[in-house]
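Asker: Handing you a structure now.
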Amino acid sequence: MTMLSIIYTTYNEIDIIERSLATVANWSDDLVVVDSFSDDGTAELLRRTEGVTLRQRKYVGPSDQKNWAIAQAKHEWILLLDADELVTPALRAEIEALLAAGEIPHDAYWIGRDNHFMGRRIYHSGWAGDKVIRFFHRDRCRYNDNQVHEEIITEGISVGWLKGRMEHYTFKDLDHFLAKTRRYAKWSAQDYAERTPRVGLYHLFVKPVYRFFKHYVMQGGFRDGREGLIISGVLAWGVFLRYAYMMAERISKKQP
Numbered sequence: 015m016t017m018l019s020i021i022y023t024t025y026n027e028i029d030i031i032e033r034s035l036a037t038v039a040n041w042s043d044d045l046v047v048v049d050s051f052s053d054d055g056t057a058e059l060l061r062r063t064e065g066v067t068l069r070q071r072k073y074v075g076p077s078d079q080k081n082w083a084i085a086q087a088k089h090e091w092i093l094l095l096d097a098d099e100l101v102t103p104a105l106r107a108e109i110e111a112l113l114a115a116g117e118i119p120h121d122a123y124w125i126g127r128d129n130h131f132m133g134r135r136i137y138h139s140g141w142a143g144d145k146v147i148r149f150f151h152r153d154r155c156r157y158n159d160n161q162v163h164e165e166i167i168t169e170g171i172s173v174g175w176l177k178g179r180m181e182h183y184t185f186k187d188l189d190h191f192l193a194k195t196r197r198y199a200k201w202s203a204q205d206y207a208e209r210t211p212r213v214g215l216y217h218l219f220v221k222p223v224y225r226f227f228k229h230y231v232m233q234g235g236f237r238d239g240r241e242g243l244i245i246s247g248v249l250a251w252g253v254f255l256r257y258a259y260m261m262a263e264r265i266s267k268k269q270p
């Protein structure tokens, strides 16, 4: 039987972390939560949760935090989760079967996510094909350096697919969605800076309009009703903010 380490990285997740932990309860003897000094009660909750090891570390970026946590894992195989991801019974059973088999065919595995927003599951709007690598070998996998949408580097490794899925509750409400979009826009401005020598009308108007069209029309956001319209609009706004932040940063550097 191959043993499993379970890792979370958290910051202010008091609203969802208990639900996620319940889906992996009594599964691993190495369940570690790396917390970025939450101030909403998350750390206190984790300290009194049986079977959880809490470690607190200053947050530099998502990849840095996850890669540090991976290196600390006790076992070779890791299930790495965000607090807003819930493991379904089918997914847990599938991973348990792989671990019981002894020899796991791939180095890492894609897992599909069912996204929820404003009280309902979103079937379109560009979220239908959402997937992440969350089950992988500790010594063969690391995250790239992206500040936004960091991912496991797949070059040189074998990646399979799991049939089981996760439930994903990434946004608590509309205010959280807007705040997270603004934060991601600032970070993605750093990721896109080198490939964008000049910010112009194309970046501030054409790309946001296209992003809305892509999510709402091409990816069927209109089929998700009002929620699809909100998602498409906020994601387009995020693209606009990315380049607005980039332009503002460059202007500020030129000023005496």
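For the sequence shown, this note's numbering gives the first residue as 15, with consecutive numbering after it. The beta-carbon is built from N, C-alpha and C at its ideal position, and this holds for glycine as well.
1) From the DSSP secondary-structure annotation, give me the bridge partner or partners of ILE92.
2) Which residues does DSSP pair with ARG135 in a beta bridge?
3) Between VAL213 and the rest of its own chain, which residues show a CB-CB distance below 6 Å, the 5 nearest in sequence each way excluded?
4) In whole angstroms, give me the CA-to-CA distance for ARG197 and GLY234.
5) Starting from HIS182, follow its DSSP beta bridges and name the residues at the other end.
6) Figure out for me which residue from GLU90, ILE92, VAL46, SER246 has the closest Cα to the Cα of GLN70.
7) Keeping to the same chain, check which residues put their C-beta closer than 8 Å to that of SER50; ignore five residues upstream and five downstream.
8) Going by C-alpha distance, which of LEU94, LYS200, ALA122, ILE167 is nearest SER42?
9) Rounding to the nearest angstrom, what Cα-Cα distance links ASP187 and ARG134 in this structure?
10) Helix, strand or coil: which one does DSSP assign to LYS221?
11) Just list the residues that DSSP pairs ARG69 with in beta bridges.
12) Pick helix, strand or coil for TRP41, following the three-state DSSP scheme.
13) Does the count of Cβ pairs from the segment 86-100 and the segment 189-203 closer than 8 Å reach three?
14) Closest to ALA114 by C-alpha separation, out of VAL248, MET17, VAL253, LEU249, would be which residue?
15) Can you give me the Cβ contacts of ILE92 inside the same chain, cut-off strictly under 7 Å, excluding the 5 residues immediately before and after it?
Answerer: Checking against the coordinates, here is how it stands:
1) Note: ILE92 sits in a beta bridge opposite SER19, PHE150.
2) Note: ARG135 sits in a beta bridge opposite HIS130.
3) Taking VAL213 as the centre and dropping the five residues before and after it, the same chain places the C-beta of TYR257, MET260, MET261 closer than 6 Å to its C-beta, in chain order.
4) Using only the alpha carbons, I get a separation of about 26 Å.
5) The beta-bridge partner set that DSSP reports for HIS182 consists of GLU99, ASN129.
6) Ranking GLU90, ILE92, VAL46, SER246 by Cα distance to GLN70 puts VAL46 first.
7) Counting only Cβ-Cβ distances below 8 Å, and skipping sequence neighbours, we find THR23, THR24, TYR25, GLN70, ARG71, LYS72, TYR73, GLN79.
8) Nearest option by C-alpha distance: LEU94.
9) Going by C-alpha positions, ASP187 is about 11 Å away from ARG134.
10) Here LYS221 carries a helix assignment [DSSP, helix/strand/coil].
11) Looking at the DSSP assignment, ARG69 forms a beta bridge with VAL48.
12) DSSP places TRP41 in coil when its eight states are reduced to three.
13) Verdict: no, contact absent.
14) Of the candidates VAL248, MET17, VAL253, LEU249, the one whose C-alpha sits nearest the C-alpha of ALA114 is MET17.
15) Taken in chain order, the residues that qualify are SER19, ILE21, ILE84, PHE150, ARG152.
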